[in-house]
Structures are given as C-alpha cells and as structure tokens.
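Q: Residue numbering for the sequence shown follows my numbering, beginning at 2 and increasing consecutively.
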Amino acid sequence: AESQTVRKTSKKGHIYVAPSDQRSEVGAIDAIEIPTASDKRHFSLDEAILWLSDSRTSGAYFVEFFAPPPTFLPELVSDYIQRVTNGIVTMARENHVLVETFGIDVEGLKNSRPSVVVAMRPTDHDSTSINEEQVREIHGRLLSLLDSHPYVRRILLPPIIEATRIQTETTTPQSAPVPQRDTGYTYPKVGVIDGGIADHLSSWKLGEHSIIAPEHLKRDHGSFIGGLLIGARLLNGQAVCNEPDGCELFDVGILPDSDQSAAFKGYYPKGIVDFLLELENGIETAKRDYGVRIFNMSLNLIEPVQEDGYGIVASLLDRIADKHDVLFVISAGNLRPSDVRPEWPSNPNIAIQQLAARTSPDTILQPCESSRSIAVGAVNAPCCNGRVEWAPTAYTRRGPGLRVGVKPDVAHCGGSLPDSRTTSGLHSWGVTGQVESGQGTSYASPLVAKTLAMLENRVASPLTREMLITLLIQGSSLPAPLNDPILAEIARQFAGFGVPKSSEAMLATEDHAITLVFSDILHTRRELQFDFAWPRSLVDSTTGACRGDARMTLVYRPTLNREFGSEFVRINIDAHLRQEHDGTFRGRVAQAFLPEAKEDAPFEHELITHGLKWWPIKAYHKTFPRGIGKSSNWRLCLDSLVRSEEAFPSSGIPFALALTISDIQKTAPVFNELRNHLTTRNVQISDIRTTTQIRVQR
2 AESQTVRKTS
12 KKGHIYVAPS
22 DQRSEVGAID
32 AIEIPTASDK
42 RHFSLDEAIL
52 WLSDSRTSGA
62 YFVEFFAPPP
72 TFLPELVSDY
82 IQRVTNGIVT
92 MARENHVLVE
102 TFGIDVEGLK
112 NSRPSVVVAM
122 RPTDHDSTSI
132 NEEQVREIHG
142 RLLSLLDSHP
152 YVRRILLPPI
162 IEATRIQTET
172 TTPQSAPVPQ
182 RDTGYTYPKV
192 GVIDGGIADH
202 LSSWKLGEHS
212 IIAPEHLKRD
222 HGSFIGGLLI
232 GARLLNGQAV
242 CNEPDGCELF
252 DVGILPDSDQ
262 SAAFKGYYPK
272 GIVDFLLELE
282 NGIETAKRDY
292 GVRIFNMSLN
302 LIEPVQEDGY
312 GIVASLLDRI
322 ADKHDVLFVI
332 SAGNLRPSDV
342 RPEWPSNPNI
352 AIQQLAARTS
362 PDTILQPCES
372 SRSIAVGAVN
382 APCCNGRVEW
392 APTAYTRRGP
402 GLRVGVKPDV
412 AHCGGSLPDS
422 RTTSGLHSWG
432 VTGQVESGQG
442 TSYASPLVAK
452 TLAMLENRVA
462 SPLTREMLIT
472 LLIQGSSLPA
482 PLNDPILAEI
492 ARQFAGFGVP
502 KSSEAMLATE
512 DHAITLVFSD
522 ILHTRRELQF
532 DFAWPRSLVD
542 STTGACRGDA
552 RMTLVYRPTL
562 NREFGSEFVR
572 INIDAHLRQE
582 HDGTFRGRVA
592 QAFLPEAKED
602 APFEHELITH
612 GLKWWPIKAY
622 HKTFPRGIGK
632 SSNWRLCLDS
642 LVRSEEAFPS
652 SGIPFALALT
662 ISDIQKTAPV
672 FNELRNHLTT
682 RNVQISDIRT
692 TTQIRVQR
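1. Please list the terminal residues of the continuous alpha helix (DSSP H) segment that includes Ala287.
2. At a cut-off of 6 Å, is Thr58 close to the ligand ZN when judged by its beta-carbon and the heavy atoms of the ligand?
3. Identify every run of the alpha helix (DSSP H) within the stretch 496-556, keeping only runs that are complete inside it and at least 4 residues long; order them along the chain.
4. What residues are listed by DSSP as bridge partners for Leu578?
5. Considering Ile331, what are the terminal residues of the beta strand (DSSP E) in which it resides?
6. Report the residue from Leu529, Leu479, Leu483, Leu473 whose alpha carbon sits nearest the alpha carbon of Ala506.
7. Mark Ser633 as exposed unless 16 or more other C-beta atoms lie within 10 angstroms of its C-beta, in which case mark it buried.
8. Less than 6 Å between C-beta atoms, sequence neighbours within five positions excluded: which residues of the same chain meet that for Arg644?
9. Compute the distance between the beta-carbons of Ser425 and Gly416, then report whether it is under 7 Å.
10. So if DSSP puts Trp430 in a beta bridge, which residue, or which two residues, is it bridged to?
11. Do Glu528 and Phe656 have their C-beta atoms within less than 7 Å of each other?
12. Can you give me the start and stop residues for the beta strand (DSSP E) that Asp403 sits inside?
13. Whether or not the stretch 394-414 and the stretch 355-370 are in contact is what I'm after, with contact meaning three or more pairs of Cβ atoms, one per stretch, closer than 8 Å; do they touch?
14. Do Ser56 and Ser262 have their CB atoms nearer than 7 Å?
15. Could you tell me how far apart the beta carbons of Pro159 and Ala61 are, in whole angstroms, since I believe they sit closer than 8 Å?
16. Compute the Euclidean distance between the alpha carbons of Ser443 and Ile226, then round it to the nearest angstrom.
17. Apart from the five residues on each side of it in sequence, which residues of its chain come closer than 8 Å, Cβ to Cβ, to Asp512?
18. Given that a residue counts as buried once 16 or more other Cβ atoms are within 10 Å of its Cβ, and exposed if not, what is Lys619?
19. Can you tell me whether Tyr17 is buried or exposed? The criterion is at least 16 other CB atoms within 10 Å of its CB, across all chains shown.
20. Report the rounded CA-to-CA distance for Trp345 versus Glu390, giving the unit in angstroms.
21. Is the stretch 334-341 in contact with the stretch 229-247, if contact means three or more CB pairs nearer than 8 Å?
22. Can you tell which of Ser299, Gly400, Leu488, Val117 has the C-alpha that lies nearest to the C-alpha of Gln83?
23. Please identify the residue among Ser462, Pro123, Asp22 whose C-alpha is closest to the C-alpha of Ser59.
24. Secondary structure at Arg84, three-state DSSP: helix, strand or coil?
25. So the alpha helix (DSSP H) Phe67 belongs to, where does it begin and stop?
26. Drop a sphere of 10 angstroms on the beta-carbon of Val327, count the other beta-carbons inside from all chains shown, and report buried for 16 or more, exposed for fewer.
27. Does DSSP classify Asp252 as helix, strand or coil?
28. By the DSSP assignment, the alpha helix (DSSP H) with Pro447 in it spans what residues?
29. Kindly give me the distance between the Cβ atoms of Val90 and Ile105, rounded to whole angstroms, as I take these residues to be in contact under 8 Å.
30. To which residues does DSSP link Asn335 through a beta bridge?
31. Would you mind working out which of Cys638, Leu660, Val540, Glu607 sits nearest Phe625, comparing C-alpha positions?
32. Taking the C-alpha atoms as reference points, what is the distance between Gly588 and His577?
33. Going along the chain, which residues of its own chain have a beta-carbon closer than 6 Å to the beta-carbon of Asn458, five neighbours each way excluded?
34. Would you check if the distance between the CB atom of Asp258 and the CB atom of His217 is smaller than 7 Å?
35. Please report how far the alpha carbon of Ser347 lies from the alpha carbon of Leu146, in whole angstroms.
36. Express the C-alpha separation of Phe569 and Ser374 in angstroms, rounding to a whole number.
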C-alpha cells in the first residue's frame, strides 16, 4: 500500500480521495501484534487442572494452530500440522513433560481441509505416583510452552457433553397406553441421539446403535423424547403438538449416565472426539439401513457459544451432516436453576426491563452455532395457570451467541417451570412407562424434529436439506407474546424465525395465496432470474400498483471454515424480489429483521446484524396494503458474494427458496391466477405431491 493517500482531480476540477484497494484494507486495521498468553487462552492454570480432572474431558487441551493460506492443498496442511505438532512434543520432552497427541477431524470427506486443532495431554497426569504440586508443575510447563509458541493461535479446554435436563421434573399419577402402529401406513423417521430409549417404546424402534453397557445407561431423558415423538398429541393435545401421533425411532444410545462420569472415559478415552466418531457410526447405520435423515440431539456442551468463534464440535457436526446428508435438531440449552429468569410478563415493556436488569449470562450453549443444524428454544405450554402462553420459558437460553446470524432458529413448547399450582404442561412417557411431566429445551427440540420428519414423509419426491429447512422457516411465525414491535430484537434472540406450523399447513395453500418453491444449484459468476406477473386481482387496473403480502425464505449451503472465527461462512447468497420501474427493476422486499427503510444505505454491520448477510438462512417480508409501483412485471433474483481470496466451489452452492404471495383481505383467487399465468408462459411447474395421510390407532 502507498504510504500517502492518493488524490486525483476530476474532469470538473474537483479533488477527490482515491486510495488503492491495499490502502483501504490497511486503513481498516487498528494494530498488528504478536498474540500474548491472555489472547491465546482464557483460563488459569488452576481452572485447567480442575476442568481436566473430569474424566469426560480426556485430560487433553485443544490446541489450535495458525492456519496456512487457503491455497494450501489438504496434504500440505496435514504435513504442516504434523511438523508443528512434532516440534511441540519434542520441546515438551526437553522440558521434562511427556505429551500425547491425537487429531480432531472427520474422516472420509473428499478434498476436505484438515482441522488445525490438535488435542494434547500430558501423560504424566494419569500417573498415581505424582502429587498435586507435581501435577501443577507439569501443566504449568506445558501451558507456558504453548503460550509462547509462535504457531499456536488458541488453547482451549475440551468440551463436556451432557443431556440438557431440568431437575424439577415431577411425575403425574396418570397412565396411558403407547399408541399402536396402524399397518399399511408409512410413518416419519427420527434418530434420537441420547442415553437410550426404554423398552416400552420398542414397538416403534427401527433399530439401535449403542456401545454402552446396560448398567451405564440412563434412559429417562431419551425415553421422554421418544415418547413425545410417538404420542405428543395424545398426551398434550393438538395445541401443543400439531402433528399426528406415530413416529419410527432409531435409538442412537451412546451417552453414558452422567452420574457415572468415570464410565465416559472407558467408552471414550479421547473424550468428545471419540464420542463424535461413535455418533457418526450410529448416523451412518441409521441412514444406510433405514433411510433416517432427521436426528434429534438434545445434548449440549457445558460451554456457551462464543461471539467470535465457530466451535470445534459445531464444525464437526456440520461436516458429519454434509458427509451423510442428514439434519440435526439441537436444543438451545437450559439455564441452571439458580439462574432462571422471572416468568415472562404480559407487558412487553416490563419484559424488556427485566431482561436489561439481568446480570447472569444466558447465552445458548454449544453446539447450537452449527450452521447446518436447527437449534430450538422453548416457549411456555398453552395450558399452564399463571404463565403467559407461548412466551419464552424462564429457563430457555437465548442467542444468537455469534456476532452473525439467527440462533435459535425456531422455538416450540418445552413445558413451563412447575410450581405448587400447576405442572409443566408437557407430558410424555418416562423410563418406567408412566406418564410424566417435564420441561426443558430438550423437549421442545423433538417437536420440531417431528415436523421436519413429517415434511420428508409427506412429500413424495426427495427433499434436500435446504428445502426441508426452507419449508420449516417459511412455515414459522412469532407467537403472540413476542409480536409487539418493541420486542423485535428480543423475539429473535428467543424464538428465531418463530414457532413452526404443522407440516400439513406448510404444504397446503388456500386460494388467496400461492407459494412458489425453487431448488437448484448456483454456480460462480451466475445470477438466477425468474420473471413473472403479479396476480391480476391484486393489480390496480388504472395505476398498475400491486398490493398484497410477500414473504420469502432462502436457505443455502455455503463453504465453511472455522479458521476465520465468526466469519466462518465464506460465501453469501442473497435473494431479491423486484418490480419493473422505468425500464429497470427496483427491489421491493427487504430482510425481515432490517429496521424500517431510511435515506442512507445501511452500514455493513447493520447488514450483518439485521440483514443476515453471511448467514445461510435468510427471511424477507413486505406488505403492500395500498399498492406499490406502476407495473405488474416482477423479477425474482439470486446473486452471490465471495469473501476475499475464497474460491467459489466448482460444483456450485445448493439452495432452496420459497416465495409466498397472498391477498391481505384473503378473498382474491391468487393461487389460480398465478398458476395459470405461469402455465400460459410455458413455465415448467408441478405441484408438491403428498403421500398418504398417517393414522394411528389408539
């Protein structure tokens, strides 16, 4: 970059500033410094020793190296990681510390860039012949070495995974038989990643994958989840669960009883790394043998999502999802009993005041930042006395955690905190077969997983993951307690894009509305366009102004790279709905979370925070009650933007988009008009074909 900013003179004699691209980039840098020990790790020696004493951690530090340039081939990256790792092991040995290392990665991904994170644990730590002071000395030497090593970027404590439980669960004195299968009908399929499912639900099991001995299983959590998937409507009514009862389960029972934490080490010597490898084995079996693609994972790490980091476990889950073409549904996490909020008030101003007065952190837990997964928050059940129906529960955590995007993605009924007057309002079968009441984001998650599985089951043709998520988000809306405009930002933190409707409602369209669904692949330097005419009954015959309501949801599968922190999404795709205006097309529909339009163009940080730029799920909405523009000609466009030095995948970026146009008055024949228009223009269209309806005998 030039040392002095270049100034040029225009043809009219005006002097203007004309810095080069390099100068502009440099101008955005505040400082360049060698990272210090406090930059590399955010924990003390004593905190590390205490954390690693838990047998579920494997006793290893996660060490992240500075990454080679993106242009490096995967084999060169592997060589670099091996050389740096060997160098650190040699230096540690010279400092009288024996270190064992193992990699953190997902095998079998073609041309995948290896992870630059390596697990390192001092082997002397396991010796029974050393005392506490010697343990401190060993860890202190290793951390000092890592703190000062020029290739080490971060030192992290390994995550601990556990079921997201609420301890105040109560048992009701009622019982109900588990629904029986109705032969001749096809049911949705969901994999349950947990501690196992009880035998009284075995008639709904497709199969199971588990390496845990019976004496180390704790199946109450997984059984409650399985019961909700099978019979939530029977036990709670249609207001809580709007999907028909019945669901085939694949039991991925790989989580040992957390009360026997020593058992975890026996099954998973390398901690979370071995756990994820076993999780992948279970997913591979479920997908290969039974075609299961939706997996409920009501498990979280004891670690909030960091605003500047895409977690290691989230990254690995996304790789597993891509490798096996599956979709994870993850709970947002629960607050500890001592940190729960007051019950949500009916007055939105009081709600804002209560949240502003909080001092305890309530950020969603990892791995909710997984961009290929759906994260779920919890709202109150509709039948709990003294609780605001469908308001965020007192225990649910809130997002987004990261500086970008929306998390949780959606919310659902998770049961309210019970008191002396009422239960949680959410019931399922416990491990003994009795009907119990429970609460937690763990139990909101399977209700969303059921809807996704129902969507896949009801549509005759295969749906991509992007299409499944698009239909889910397009069919979600904020519950009434979060609909007040002053709660717009807060609503997104707790409920994301809203509470999903039933799969039937998502796939059905009334006469006054139509939903157009697109699924394709966007290639580099391409812009996709689709021209159409606005429904005739919504166009003013005199002025040409178009009225109505337009909603869009866009979901795409971008390149991801956790080495870039919160900028891990490397490609942005945006959708535009434009109306013809004086020979050009003018944008009419904005991002749903952007503030009202203003004269100045929004800053980049506004586009990222509210416009969901660089986020793979986007929502758009605009209402034209009085009509807009002077033409019935409209154009739907998709374009892309790639971060500096990032290569657009040669295979392209898969995407799905849904556009819903409806009459605000709910009277105009929008569906037939637009469908007939497209047919006369020889546009190849086909209705989404649904399969036979599901019925359950009770």
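Ideal placement from N, C-alpha and C gives every residue a C-beta, glycine not left out.
A: Let's see:
1. Taking the first residue of the sequence shown as position 1, residue 287 is located at position 286. For Ala287, the enclosing alpha helix (DSSP H) covers residues 273-291.
2. The ligand ZN is not part of the structure shown, which contains no ligands of any sort.
3. Runs of the alpha helix (DSSP H) inside the stretch 496-556: 504-508.
4. Indexing the sequence shown from 1 puts residue 578 at position 577. Secondary-structure assignment with DSSP links Leu578 through a beta bridge to Leu637.
5. Within the sequence shown, numbered from 1, the residue matching residue 331 stands at position 330. That run of the beta strand (DSSP E) goes 328-332.
6. Locating residue 506 in the sequence shown gives position 505, where the first residue counts as 1. Looking from the CA of Ala506, the closest CA among Leu529, Leu479, Leu483, Leu473 belongs to Leu473.
7. Counting from one through the sequence shown, the residue named residue 633 turns up at place 632. Around the beta carbon of Ser633, a 10 Å sphere encloses 16 or more other beta carbons of the protein chains shown; the residue is thus reported as buried.
8. On the sequence shown, residue 644 is found 643 positions in, with the first residue counted as 1. If we look at Arg644 and ignore the five residues flanking it on each side, its Cβ neighbours are Arg571.
9. Locating residue 425 in the sequence shown gives position 424, where the first residue counts as 1. Locating residue 416 in the sequence shown gives position 415, where the first residue counts as 1. In this structure, Gly416 lies closer than 7 Å to Ser425 by Cβ.
10. In the sequence shown, residue 430 corresponds to position 429, counting from 1. Under DSSP, Trp430 takes part in a beta bridge, and its partners are Val436.
11. Position 527 of the sequence shown, counting from 1, holds the residue named residue 528. Position 655 of the sequence shown, counting from 1, holds the residue named residue 656. It is not a contact, given that the beta carbons lie outside the stated cut-off.
12. As a first step, residue 403 is located in the sequence shown; it is residue number 402 there, counting from the start. For clarity, residue 403 is Leu in the given sequence; the question names Asp instead. Element bounds for Leu403: n/a, residue is neither H nor E.
13. As far as the Cβ criterion goes, the stretch 355-370 touches the stretch 394-414, which means the pair count is three or higher.
14. In the sequence shown, counting from the first residue as 1, residue 56 sits at position 55. In the sequence shown, counting from the first residue as 1, residue 262 sits at position 261. Yes, the Cβ-Cβ distance between Ser56 and Ser262 is below 7 Å.
15. Translated into positions along the sequence shown, residue 159 becomes position 158. Translated into positions along the sequence shown, residue 61 becomes position 60. Between Pro159 and Ala61 the beta-carbon gap is near 6 Å, inside 8 Å, which marks them as a contact.
16. Working through the sequence shown from its first residue, we reach residue 443 at position 442. Working through the sequence shown from its first residue, we reach residue 226 at position 225. Straight-line Cα distance between these residues: approximately 8 Å.
17. The residue you call residue 512 lines up with position 511 of the sequence shown. Contacts found: Pro670, Val671, Phe672, Asn673.
18. Numbered from 1 along the sequence shown, position 618 holds the residue referred to as residue 619. Buried, because 16 or more other Cβ atoms sit within 10 Å of the Cβ of Lys619.
19. As a first step, residue 17 is located in the sequence shown; it is residue number 16 there, counting from the start. With fewer than 16 Cβ atoms within 10 Å of its Cβ, Tyr17 is classed as exposed.
20. Reading the sequence shown from its first residue, position 344 is the one you call residue 345. Reading the sequence shown from its first residue, position 389 is the one you call residue 390. If I take the Cα positions, the gap works out to 9 Å.
21. As far as the Cβ criterion goes, the stretch 334-341 does not touch the stretch 229-247, which means the pair count is below three.
22. Within the sequence shown, residue 83 is the residue found at index 82, counting from 1. With respect to the C-alpha of Gln83, the residue from Ser299, Gly400, Leu488, Val117 having the closest C-alpha is Val117.
23. To locate residue 59, count along the sequence shown from 1; it is residue 58. Closest in C-alpha terms to Ser59, from the list Ser462, Pro123, Asp22, comes Pro123.
24. In the sequence shown, residue 84 corresponds to position 83, counting from 1. If DSSP states are grouped into helix, strand and coil, Arg84 belongs with the helices.
25. Residue numbering aside, residue 67 sits at position 66 when the sequence shown is read from its first letter. Premise fails: Phe67 is in no alpha helix (DSSP H) and is neither H nor E.
26. Numbered from its first residue, the sequence shown carries residue 327 at position 326. By the 16-neighbour rule on beta-carbons within 10 angstroms, Val327 is buried.
27. Mapped onto the sequence shown, residue 252 falls at position 251. Looking at Asp252 - three-state DSSP - the assignment turns out to be strand.
28. Translated into the one-based positions of the sequence shown, residue 447 becomes position 446. First-last of the alpha helix (DSSP H) with Pro447: 442-459.
29. By 1-based counting over the sequence shown, the position of residue 90 is 89. By 1-based counting over the sequence shown, the position of residue 105 is 104. In fact, because the Cβ distance is near 16 Å, the residues do not count as touching under 8 Å.
30. Residue numbering aside, residue 335 sits at position 334 when the sequence shown is read from its first letter. DSSP output for Asn335 lists Thr397 as bridge partner(s).
31. Translated into the one-based positions of the sequence shown, residue 625 becomes position 624. Among Cys638, Leu660, Val540, Glu607, the Cα nearest to that of Phe625 is on Val540.
32. In the sequence shown, counting from the first residue as 1, residue 588 sits at position 587. In the sequence shown, counting from the first residue as 1, residue 577 sits at position 576. Cα to Cα, Gly588 sits roughly 6 Å from His577.
33. Residue numbering aside, residue 458 sits at position 457 when the sequence shown is read from its first letter. If we look at Asn458 and ignore the five residues flanking it on each side, its Cβ neighbours are Pro189.
34. Residue numbering aside, residue 258 sits at position 257 when the sequence shown is read from its first letter. Residue numbering aside, residue 217 sits at position 216 when the sequence shown is read from its first letter. Cβ atoms of Asp258 and His217: closer than 7 Å.
35. In the sequence shown, residue 347 corresponds to position 346, counting from 1. In the sequence shown, residue 146 corresponds to position 145, counting from 1. Each residue's alpha carbon lies about 55 Å from the other.
36. Counting from one through the sequence shown, the residue named residue 374 turns up at place 373. Counting from one through the sequence shown, the residue named residue 569 turns up at place 568. Approximately 15 Å, taken between the alpha carbons.
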